[in-house]
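Below: one structure, written as structure tokens.
Residue numbers (the working numbering): 2 to 266.
Here it is as structure tokens:
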């Protein structure tokens, strides 16, 4: 047991390598050779990410029972538009708002939620707004007529939609929320605001980020980019457009004192 061999016993022979005993050879990789990972895919085989392209739309159409009333109808309507930037970039998309050609300054917003507030924000007056979050419209639009004790909208930044147009990656036409009153598409059409989806907003945002805010046009057929006049909101008195014409004084309710920064009244 402790290494000594008894009398008359033959010394033990060294073992054969493991593969000689019916076992497979070891798959241990030598230290000087990097292991090859079977799950790795070479760059040549990788596909670029897909954002609201025809591939996604074909998948939705194939699963028609699960996507009743969604963006497939908007695709089948055939209404498309081109976003034309002043640097010559052209991106096409499918319409889900008012089908009218417009122009303005193209900017982006990175918020994950809050598109009703963004679209009604007076600071976006005269601008074509690009939303970077990939899916927009999933919770519809809340009621615009509900106000607080001062008569201000509860769920919006103002009483109007101030953007010139809306650009998104994928539009969700089947919203679900306890507070919705209509779809985003219906709301935009009601306020005569054009909008398109199916645009690679990631690539568009990177271009705007690198070049800065650019002028652009959203062109619907039969219009052409040359026939749509370019409006530069930087040369327009936007403050006058979004400001009250008559001053309005807001007072606290009777018996309610204004709150101070330290939390005291």
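Heads up, the beta-carbon is just placed ideally off N, CA and C, and yes, glycines get one too. All of these numbers come straight from a predicted model, not from anything done at the bench.
query                                                                                                                                  : result
8 Å Cβ shell around residue 162 - same chain, five flanking residues per side excluded                                                 : 120, 121, 188, 189, 192 and 194
Boundaries of the beta strand (DSSP E) in which residue 132 is found, first to last residue                                            : 128-132
Identity of the residue in 217, 95, 221 and 79 nearest residue 169 by Cα                                                               : 95
Inter-residue Cα distance where the pair is residue 218 and residue 78                                                                 : 22 Å
Per-residue DSSP class, three states only, for residue 251                                                                             : coil
Same chain, Cβ closer than 7 Å to residue 1, neighbours up to 5 away in sequence not counted                                           : Beyond the ends of the chain as shown, which are 2 and 266, falls residue 1; an answer cannot be given.
Per DSSP, the bridge partner or partners of residue 171                                                                                : 136
Contacts around residue 251, its chain only, beta-carbon distance under 7 Å, and the 5 residues preceding and following it disregarded : 151
Cβ-Cβ distance between residue 127 and residue 232 below 8 Å                                                                           : yes
Identity of the residues DSSP links to residue 144 by a beta bridge                                                                    : In DSSP, residue 144 forms no bridge with anything.
Per-residue DSSP class, three states only, for residue 154                                                                             : strand
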